[in-house]
Amino acid sequence: MTWILIAVLSGIFCGQFFPLWLVRGFVTFNSIFSNFLSFCIPLIIIGFVAPAIGEIGKGVGKLLAVTILLSYSATVGAGILSYFTSVTFFPIFLGSEISASEVVSNGESITPYFTIPMPPLMDIMSALVLSFVLGAGVTVIKSTRKVLFDIMIEFREIVSRVITKIIVPLLPVYIFGIFMNMAFTGEVASMLSTFFKIIIIIFVLHIVWLLILYVIGAFFSRGSKNPFKLLWAMMPAYFTALGTQSSAATIPVTLRQTIKMGVDKEIAGFTIPLCATIDLSGSALKIVACSLALMMTHGMSFDFPMFLYFIAMMGITLVAAPGVPGGAIMAALGLLSSILGFSDADNALIIALYITMDSFGTACNVTGDGALSLIIDRFFSRTKEKESPVPSLS
Numbered sequence: 008m009t010w011i012l013i014a015v016l017s018g019i020f021c022g023q024f025f026p027l028w029l030v031r032g033f034v035t036f037n038s039i040f041s042n043f044l045s046f047c048i049p050l051i052i053i054g055f056v057a058p059a060i061g062e063i064g065k066g067v068g069k070l071l072a073v074t075i076l077l078s079y080s081a082t083v084g085a086g087i088l089s090y091f092t093s094v095t096f097f098p099i100f101l102g103s104e105i106s107a108s109e110v111v112s113n114g115e116s117i118t119p120y121f122t123i124p125m126p127p128l129m130d131i132m133s134a135l136v137l138s139f140v141l142g143a144g145v146t147v148i149k150s151t152r153k154v155l156f157d158i159m160i161e162f163r164e165i166v167s168r169v170i171t172k173i174i175v176p177l178l179p180v181y182i183f184g185i186f187m188n189m190a191f192t193g194e195v196a197s198m199l200s201t202f203f204k205i206i207i208i209i210f211v212l213h214i215v216w217l218l219i220l221y222v223i224g225a226f227f228s229r230g231s232k233n234p235f236k237l238l239w240a241m242m243p244a245y246f247t248a249l250g251t252q253s254s255a256a257t258i259p260v261t262l263r264q265t266i267k268m269g270v271d272k273e274i275a276g277f278t279i280p281l282c283a284t285i286d287l288s289g290s291a292l293k294i295v296a297c298s299l300a301l302m303m304t305h306g307m308s309f310d311f312p313m314f315l316y317f318i319a320m321m322g323i324t325l326v327a328a329p330g331v332p333g334g335a336i337m338a339a340l341g342l343l344s345s346i347l348g349f350s351d352a353d354n355a356l357i358i359a360l361y362i363t364m365d366s367f368g369t370a371c372n373v374t375g376d377g378a379l380s381l382i383i384d385r386f387f388s389r390t391k392e393k394e395s396p397v398p399s400l401s
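Note that this note's numbering gives residue 107 to position 100 of the sequence shown, counting from 1, and the numbers run on in steps of one.
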């Protein structure tokens, strides 16, 4: 997040006085990098969705199926809440920015010196269908499962290294070029105003979503529990996630606080590590809100049926998102382009917004895992009448 903020601020500053030839140099880099990113998107989808489906097939228990279904439902629910909240309040809070016909330069005002075409091997939907076929195939064809599944796991490792070693390190340079281009062409002022307002609205949305989850969690929990006290009990996990920006690194704290809420140790030991990977409702909330804000400023159509389809597909993609910094937004880029019609510059802005708020999204994901565990514990705990470890929550 620090490097992204530095890239945004330095890009705005340098765009005020850099000469045209130097700006064109960064535009050239952005053109090449965006082509490479477009080439990688289908590989990212196949690399993570296919083995994730194969891994799900290893378990036949109801607990695994219910946990995955509940995580997917939470992701879709967060996206729908984000859509209706954004449609209602963005025109009020963003004000004049909504009427702008174009806020972001798509790189057409300043042309690159040259570009290197890198056409993707397939489109996004083909990658998703192929991922489902491969993932389902390794769960059915037992004789070939081990060989094919090992190949899929190794391919996921390759794609993960491409993200962590190439894409993520170069993102600050890419975002620097985007904002320098906007500053050079005089488009940055309105974009910054929109940025800050979006961040505030999304932060409030995170709080509202967590309250909804814990009201539901308290309703399904064994015994009468106060949702606000339950949420307060998870604050150590929330603030740990804020600091680490990692759901995996926060697992020990999340597990401890979930057990303190009264969830069975065996249930918590299963759901918390699993949900740390597949429950990305906070990420879905951010992506939908940021997408709507950009579409409004561009004057693009954002009807609910289109967004419902986007949210449903994104829910599947995020469940299999790579556990690397910015992994969720990387996995969603293909859907942003194919379903919502985003350009490369739009995707760059979404990445910048997403990573800027990454710690808050991670904290929302982690804290929400506790609420999902409460619901699952209600139906799967072996000890139905055991006493809560924290009586004050009752």
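Ideal Cβ positions, reconstructed from N, Cα and C, are used throughout, including at glycine.
- Going by C-alpha positions, V94 is about 46 Å away from I148.
- Here N354 is near S344, since their CB atoms are less than 8 Å apart.
- For Y316, the number of other beta carbons within 10 angstroms of its own is below 16, and it is reported as exposed.
- Nearest to F311 by alpha-carbon distance, out of C21, S89 and G32, is S89.
- For G289, the three-state secondary structure derived from DSSP is helix.
- Taken in chain order, the complete alpha helix (DSSP H) segments of 4 residues or longer contained in the segment 200 to 274 are 234 to 240, 242 to 251 and 258 to 267.
- Sequence-distant Cβ neighbours of I274 in its own chain, meaning closer than 7 Å and more than five residues away, are S380, I383, D384, F387 and S388.
- In this structure, G341 places its C-beta atom within 8 Å of the C-beta atom of I131.
- Excluding sequence positions up to five before and after A14, its CB lies within less than 6 Å of the CB of P179, I182 and F183, all in the same chain and listed in chain order.
- 8 Å or more divides the Cβ of A85 from the Cβ of A338.
- Contact check for L238 against L217 passes: the beta carbons are separated by less than 8 Å.
- Of the residues assessed, L29 falls on the exposed side of the cut-off, its CB having fewer than 16 other CB atoms within 10 angstroms.
- In this structure, the straight-line span from the alpha carbon of P124 to that of D351 is close to 14 Å.
- Contact check for M241 against T374 passes: the beta carbons are separated by less than 8 Å.
- Taking C-beta atoms as the reference points, L128 and A57 fail to come closer than 8 Å.
- The shortest CA-to-CA distance from L50 to any of V169, I99, P280 and R263 is the one to V169.
- When the Cα atoms are used, S38 and P119 turn out to be separated by approximately 7 Å.
- The beta carbon of L177 is closer than 7 Å to those of F40 in its chain, skipping five residues each way along the sequence.
- Between F309 and M302, the C-beta spacing is below 8 Å.
- Listed in chain order, the non-local C-beta contacts of F100 below 7 Å within the same chain comprise K204 and I208, local neighbours out to five positions each way being set aside.
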